[in-house]
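S.K.:
Protein chains: 2
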Amino acid sequence: MKISELSRRTGVPVASIKYFRREGLLPAGRATAATLAEYGEEHVQRLRLIKALTTLGGLSIAATRDVLATVDQAENTDKTLEAISYALPVPVTAASAGDADRDAAAESAAAADVMDLIAAMDWQVPGTSPHVRGLTTALRELRRLDADYRPERLVAYAELAHSIARLDLERAAAFDDSPALAEQAVIVLALSGPMLELLRRLAQEDQVRRRGADHPDAE
Amino acid sequence: MKISELSRRTGVPVASIKYFRREGLLPAGRATAATLAEYGEEHVQRLRLIKALTTLGGLSIAATRDVLATVDQAENTDKTLEAISYALPVPVTAASAGDADRDAAAESAAAADVMDLIAAMDWQVPGTSPHVRGLTTALRELRRLDADYRPERLVAYAELAHSIARLDLERAAAFDDSPALAEQAVIVLALSGPMLELLRRLAQEDQVRRRGADHPDAE
DNA sequence: CAGGGAAGATACTGCCACTATCCAGTAGCT
DNA sequence: AGCTACTGGATAGTGGCAGTATCTTCCCTG
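If you read the sequences in order, they're chains A and B. Residue numbers for the first sequence follow UniProt numbering, beginning at 1 and rising by one. Residue numbers for the second sequence follow UniProt numbering, beginning at 1 and rising by one.
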């Protein structure tokens with residue numbers, strides 16, 4: 001199909017399709033002449049995946065490119081899962097120093113909390129993992145706010161996070177070694193977070209409403 | 001204290017403090033003269049909260065303003081919790097039509113799945129809730145991708161989301177009617193998501209590494 | 001063989017979150 | 001009183017991101 005039909009089929013403007021090609025998110029069509037190329041179903045599917053990762057997953061164009069690159073280089077299941085896990089952007093990144101040095105105490109206290117948590121959960125992750133650094137940064141900020149995020153609290157959340165990760169991995173590995181593995185794994189690993197967030201917000205809304213209904217005092 | 005000291009104490013540039021004031025995120029200092037104002041500890045705390053909501057919570061300046069406005073209007077516990085729940089931005093918002101109409105079937109199928117889920121979980125939320133709409137949009141996109149998000153799958157995630165929401169609400173309500181309630185509730189409700197996401201990613205990393213270690217075949 | 005797409009390159013736009021500059025008007029020291 | 005560093009407020013500018021538009025060249029189709 002021609003680019004105009006690809007655009008019509010996916011609802012993505014032609015200019016945007018060209019943009020995604022430029023940015024390396026979408027492979028070029030099969031050129032049939034200097035100014036003509038043929039696109040196939042794989043382009044339709046890829047565009048849907050791009051839309052899902054950016055609008056649902058909230059990934060930037062650059063992050064989406066990185067993630068899709070790992071999809072295209074998929075070898076075996078384990079390597080693919082690991083590559084995707086590291087290609088996904090970390091939600092919290094350390095600040096640009098500046099005031100980081102001022103609070104070395106909070107920093108190391110937060111780092112200790114993270115280490116305790118990882119030990120308590122028996123998680124096997126290197127101390128250099130970007131996720132560890134992100135969590136440390138987050139705990140440092142929360143400490144500054146006097147928020148109640150002591151390790152005991154965290155463990156309860158960590159247990160639940162562990163259960164969710166197990167569900168995710170079960171699903172991602174269910175496509176074991178099939179050609180569609182990498183793509184489905186990306187969908188599971190990248191979109192599980194936003195889906196869960198939506199469910200959590202919904203559950204939160206339910207609980208808040210029940211509280212309000214239980215004792216409708218003032219007002 | 002003067003604005004320069006407020007800046008030094010929080011690590012936020014003076015220009016940014018002025019920006020937050022303009023945008024209504026930070027109340028003005030107590031003016032002591034036409035060109036001089038005095039700031040207090042509440043300004044320090046508010047700036048920390050702004051930083052936490054934007055950098056950790058990922059909220060935009062506009063969303064942060066809305067959330068902080070509900071904090072400042074806090075009356076009683078239940079109302080405050082409800083107000084915050086609705087002031088927080090919904091992660092997934094419906095697209096701008098366009099290709100929405102093309103897929104009315106997927107749309108209604110997704111809506112039916114969401115209704116089934118809410119019924120199965122016995123959640124009390126109005127069908128007009130932004131979270132319901134967001135979830136519907138997300139499921140529609142996932143259906144297009146042929147992703148495995150059938151209701152049975154979703155229920156497992158929903159149960160976990162429910163547990164998390166219960167933990168959140170317990171914490172948010174623990175500050176019951178104290179003056180700090182609203183602020184702590186915001187921290188819990190707005191930052192629980194990012195914290196959980198970080199923990200989930202960490203747990204995911206652990207699981208991926210264990211898989212890789214269990215059977216280190218090719219390489 | 002004329003006209004409408006198509007491809008690729010380049011330039012432009014709109015939004016966001018700051019950041020910098022400018023303009024008085026003090027505060028506080030001498 | 002005079003000087004200077006700093007302040008609040010207004011306004012303008014910056015850089016990054018995600019597209020969107022334009023322009024040129026080319027060539028398939030009717």
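All residues carry an ideal CB built from backbone N, CA and C; glycine is no exception. Computed from a predicted model, the values in this text were never measured in an experiment.
#1: Any C-beta of chain B sitting closer than 8 Å to the C-beta of G193(A)?
#2: What does the Cβ neighbour count give for A97(B), buried or exposed, with the cut at 16 atoms within 10 Å?
#3: Helix, strand or coil, according to DSSP, for L145(A) in the structure here?
#4: Give the secondary structure of A37(B) by DSSP, where H, G and I count as helix, E and B as strand, and everything else as coil.
#5: If distances are taken between C-alpha atoms only, which option among A83(A), T55(A), A33(A) comes closest to V12(A)?
#6: Taking Cβ-Cβ distances below 8 Å as the criterion, which residues of the stretch 108–134 of chain B are in contact with chain A?
#7: Assign G40(B) to buried or exposed, taking buried as 16 or more other Cβ atoms, counted over all protein chains shown, within 10 Å of its Cβ.
#8: Is there a C-beta anywhere in chain A that falls below 8 Å from the one on R210(B)?
#9: Along chain A, in chain order, which residues have C-beta atoms closer than 7 Å to that of I187(B)?
#10: What's the gap between the Cα of M195(B) and the Cα of I164(B)?
#11: Taking 8 Å as the CB-CB limit, is D206(A) close to chain B?
#12: Beta-carbon of E41(A) versus every beta-carbon of chain B: anything under 8 Å?
#13: Using the three-state DSSP reduction, which class does T32(A) fall into: helix, strand or coil?
#14: Cα separation between L6(A) and T64(A)?
#15: Just to confirm the assignment: which complete alpha helix (DSSP H) runs, minimum length 4, are found wholly within the stretch 149–188 of chain A?
#16: Using only CA atoms, which one of P126(A), S178(A), D176(A), P179(A) lies nearest to R209(B)?
#17: Residues in the same chain with beta-carbon distance under 7 Å from V186(A), minus the five sequence neighbours each way, listed in chain order, please.
#18: Please list the terminal residues of the continuous alpha helix (DSSP H) segment that includes A69(A).
#19: Suppose the cutoff is 8 Å on Cβ atoms and the five residues either side in sequence are ignored; what does the same chain contact list for S4(B) look like?
#20: Counting beta carbon pairs with one atom in the stretch 143–162 of chain A and one in the stretch 110–125 of chain A, are three or more of them shorter than 8 Å?
#21: Note down the Cα distance separating W123(B) from D206(A), rounded to an integer number of angstroms.
#22: Quick one: give me the first and last residue of the alpha helix (DSSP H) that V14(A) is part of.
#23: Would you verify that the beta carbon of S4(A) is, or is not, closer than 8 Å to some beta carbon of chain B?
#24: Report the neighbours of P91(B) on chain A: residues whose CB is nearer than 8 Å to its CB, in chain order.
#25: If the cut is a Cβ gap below 9 Å, which residues of chain B does R166(A) touch?
#26: Can you find the residues in the same chain that come closer than 7 Å, C-beta to C-beta, to A173(A), ignoring five residues on each side of it along the sequence?
#27: When the Cα atoms are used, what is the spatial distance from R46(A) to A37(A)?
#28: Residues in the same chain with beta-carbon distance under 8 Å from R201(B), minus the five sequence neighbours each way, listed in chain order, please.
#29: Against chain A, does R171(B) count as a neighbour if the rule is that its beta carbon must be under 8 Å from one of theirs?
#30: Under the three-state reduction of DSSP, which class applies to D122(A): helix, strand or coil?
#31: Let me check understanding here. Comparing Cα to Cα, which of L191(B), D148(B), F175(B), R211(B) lies closest to R166(A)?
#32: Restricting to Cα atoms, I'd like to know which of S192(A), E23(A), K2(A), P27(A) is closest to A33(A).
#33: Using a Cβ cut-off of 8 Å, pull out every chain B residue sitting near A106(A), in sequence order please.
#34: Using DSSP with H/G/I as helix, E/B as strand and the rest coil, what is S117(A)?
#35: Helix, strand or coil: how does DSSP classify E42(B) here?
#36: Going along chain A, which residues have a C-beta under 8 Å from E82(B)?
M.R.: A quick look at the data gives this:
#1: yes
#2: Low confidence applies here, because A97(B) scores a pLDDT of 49, under 50, leaving its location unreliable; read the following figure in that light. A97(B) is exposed by the Cβ-count criterion.
#3: coil
#4: strand
#5: T55(A)
#6: I118, M121, W123, Q124, V125, S129, H131, V132, G134
#7: exposed
#8: yes
#9: L145, A147
#10: 11 Å
#11: yes
#12: no
#13: strand
#14: 20 Å
#15: 151–173
#16: P126(A)
#17: V67, V71, I84
#18: 61–72
#19: V14
#20: yes
#21: 6 Å
#22: 14–22
#23: no
#24: G58, P194, E197, L198, R201
#25: A203, Q207
#26: T77
#27: 17 Å
#28: none
#29: yes
#30: coil
#31: R211(B)
#32: K2(A)
#33: Under the 8 Å cutoff, chain B gives no residues; its nearest Cβ is about 12 Å from A106(A).
#34: For clarity, residue 117(A) is Leu in the given sequence; the question names Ser instead. L117(A): helix per DSSP, three-state reduction.
#35: helix
#36: V208, R209, G212
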